[in-house]
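Asker:
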Amino acid sequence: MTIEILEGIPVAIDKQEILRIQGHHKNEKPSAAIQEILEKAMEDFHPLLQPKATFIEMEARVTKESINLENGLVLHNPDGAKAWQNADHLVAVVCTIGPVLGQRVSELSAQGANTAALVLDSIGSAAVESVADHVNRRICQGAAQRGMKAGPRLSPGYGTWPLEDQRVIFAMVPAERIGVHLNEQGIMIPMKSISFCLGMGRNLKAPKGLHPCQYCNLKNCQYRKALKDQP
687 MTIEILEGIP VAIDKQEILR IQGHHKNEKP SAAIQEILEK AMEDFHPLLQ
737 PKATFIEMEA RVTKESINLE NGLVLHNPDG AKAWQNADHL VAVVCTIGPV
787 LGQRVSELSA QGANTAALVL DSIGSAAVES VADHVNRRIC QGAAQRGMKA
837 GPRLSPGYGT WPLEDQRVIF AMVPAERIGV HLNEQGIMIP MKSISFCLGM
887 GRNLKAPKGL HPCQYCNLKN CQYRKALKDQ P
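Number 894 in my numbering belongs to position 208 of the sequence shown; there are no gaps in the numbering.
(1) Hey, how far is the Cα of Gly709 from the Cα of Ala803?
(2) Kindly indicate which residue of Ala719, Lys712 and Lys878 has the alpha-carbon position closest to the one of Ser811.
(3) Within 10 angstroms of its Cβ, does Asp730 collect 16 or more other Cβ (buried), or is it exposed?
(4) Where in the region 710-771 do unbroken runs of the beta strand (DSSP E), each at least 3 residues long, occur, reported from the N-terminal end onward?
(5) Just how far apart, CA to CA, sit Met834 and Cys883?
(6) Please classify Gly837 as buried or exposed, where buried requires at least 16 other C-beta atoms within 10 Å of its C-beta.
(7) Quick one: is Lys768 buried, meaning 16 or more other Cβ sit within 10 Å of its Cβ, or exposed?
(8) Counting only runs of 4+ residues fully inside the region 795-878, write out the alpha helix (DSSP H) ranges in chain order.
(9) What is the residue span of the alpha helix (DSSP H) that Leu776 lies within?
(10) From Pro785 to Asp807, what does the alpha carbon distance come to, in whole angstroms?
(11) If we call anything under 8 Å between Cβ atoms a contact, is Ile742 one with Met858?
(12) May I have the straight-line CA-CA distance separating Leu896 from Gln797, to the nearest angstrom?
(13) Could you please give me the residues that DSSP links to Ser792 through a beta bridge?
(14) DSSP state of Leu705, grouped into three classes?
(15) Report the three-state DSSP secondary structure of Leu890 (helix, strand or coil).
(16) Considering only the alpha carbon of each residue, which of Leu735, Lys712, Val779 and Asp851 lies closest to Gln789?
(17) How big is the Cα-Cα spacing for Ile880 and Thr782?
(18) For Val748, which residues from the same chain have a beta carbon less than 6 Å from its beta carbon, with the 5 sequence-adjacent residues on both sides left out?
(19) Spatial neighbours of Pro876 within its chain, please: C-beta separation below 8 Å, excluding the five flanking residues on both sides.
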């Protein structure tokens, strides 16, 4: 069982990603007002970020409907059971950009600057996704160095994985060490936080060509990446 804490994680986002999150189509040009607000926000957002992550790796046994962990906990994740066939290790991750950007979004909304608030909120969504991508790449690279394969990252609340398993992840991962906790509804605080898991193993048999979004039935989600711009 291995636990890591990461701080100072690099964040890389671009304007097109922000516009996509806001619902703009690939070739759709935003108004001059939106572009001006976006340019200003892109210049100012970095000091609002406190990117951190923590993850734990442990031995696991994948069955048809669940993932049984070495500490006795069970994840009821049919999508994961399919995506991580023959995995013998599981990594659970919690990452965040901290509370400051969200506080600034609330301040802008209270001031009536609703468009600026929406743009900054979208930047926050892209930023925490960038943090998750960075951590995921690090884990996958580490797996490859050990002669292991890594399956796609999946999160509770998407596809067939019930949100209730969020509490199982938080029972494993020391999320409080990076300032993240669950409220009574099982929602992560700060809001700009992501949890996910991925299976690993030398004999892992993940379905080829599947993006994590393809496990989710929210086909019109603005955050959706898989097949987003295909006809």
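For glycine and all other residues, C-beta sits at the position ideal for the given N, C-alpha and C.
Just so you know, these numbers come straight off a predicted model, no measurement behind them.
Answerer: A quick look at the data gives this:
(1) One-based indexing of the sequence shown puts residue 709 at position 23. One-based indexing of the sequence shown puts residue 803 at position 117. Taking the straight line joining both Cα atoms gives about 15 Å.
(2) Within the sequence shown, residue 811 is the residue found at index 125, counting from 1. Ser811 has its Cα closest to that of Lys878, out of Ala719, Lys712 and Lys878.
(3) Stepping through the sequence shown from its first residue, residue 730 is reached at position 44. For Asp730, the number of other beta carbons within 10 angstroms of its own is below 16, and it is reported as exposed.
(4) Runs of the beta strand (DSSP E) lying entirely within the region 710-771 and spanning at least 3 residues, in chain order: 738-748 and 753-755.
(5) For this step, residue 834 is matched to residue 148 along the sequence shown. For this step, residue 883 is matched to residue 197 along the sequence shown. Going by the C-alpha atoms only, they are around 16 Å apart.
(6) As a first step, residue 837 is located in the sequence shown; it is residue number 151 there, counting from the start. Taking all protein chains in view, the Cβ of Gly837 is crowded by 16 or more other Cβ atoms within 10 Å, so the residue is classified as buried.
(7) Residue mapping note: residue 768 aligns to position 82 of the sequence shown, counting from 1. Around the beta-carbon of Lys768, 16 or more other beta-carbon atoms lie within 10 Å, marking it buried.
(8) You should have 800-831 and 852-858.
(9) Walking along the sequence shown from the start, residue 776 turns up at place 90. Careful: Leu776 lies outside any alpha helix (DSSP H), inside the beta strand (DSSP E) at His775 to Thr782.
(10) To locate residue 785, count along the sequence shown from 1; it is residue 99. To locate residue 807, count along the sequence shown from 1; it is residue 121. Taking the straight line from one Cα to the other gives about 12 Å.
(11) By 1-based counting over the sequence shown, the position of residue 742 is 56. By 1-based counting over the sequence shown, the position of residue 858 is 172. Contact check for Ile742 against Met858 passes: the beta carbons are separated by less than 8 Å.
(12) Numbered from its first residue, the sequence shown carries residue 896 at position 210. Numbered from its first residue, the sequence shown carries residue 797 at position 111. In this prediction, Leu896 has a pLDDT of 48, which is less than 50 and means its spatial position is unreliable; what the coordinates show is noted afterwards. Distance between Leu896 and Gln797, taken at the CA atoms: about 43 Å.
(13) Your numbering for residue 792 matches position 106 in the sequence shown. Per the DSSP secondary-structure output, Ser792 pairs with nothing in a beta bridge.
(14) On the sequence shown, residue 705 is found 19 positions in, with the first residue counted as 1. Secondary structure at Leu705: helix, using DSSP grouped into helix, strand and coil.
(15) Mapped onto the sequence shown, residue 890 falls at position 204. Residue state, collapsed to three classes: coil.
(16) Position 103 of the sequence shown, counting from 1, holds the residue named residue 789. Ranking the options by Cα distance to Gln789, first place goes to Leu735.
(17) Your numbering for residue 880 matches position 194 in the sequence shown. Your numbering for residue 782 matches position 96 in the sequence shown. Between the C-alpha atoms of Ile880 and Thr782 there is a straight-line separation of about 6 Å.
(18) The residue you call residue 748 lines up with position 62 of the sequence shown. So the qualifying residues of the chain are Ala767, Trp770 and Ala773.
(19) Position 190 of the sequence shown, counted from the start, is the residue given in the question as residue 876. Correct list, in chain order: Thr782, Ile783, Gly784, Pro785, Gly788, Gly865 and Val866.
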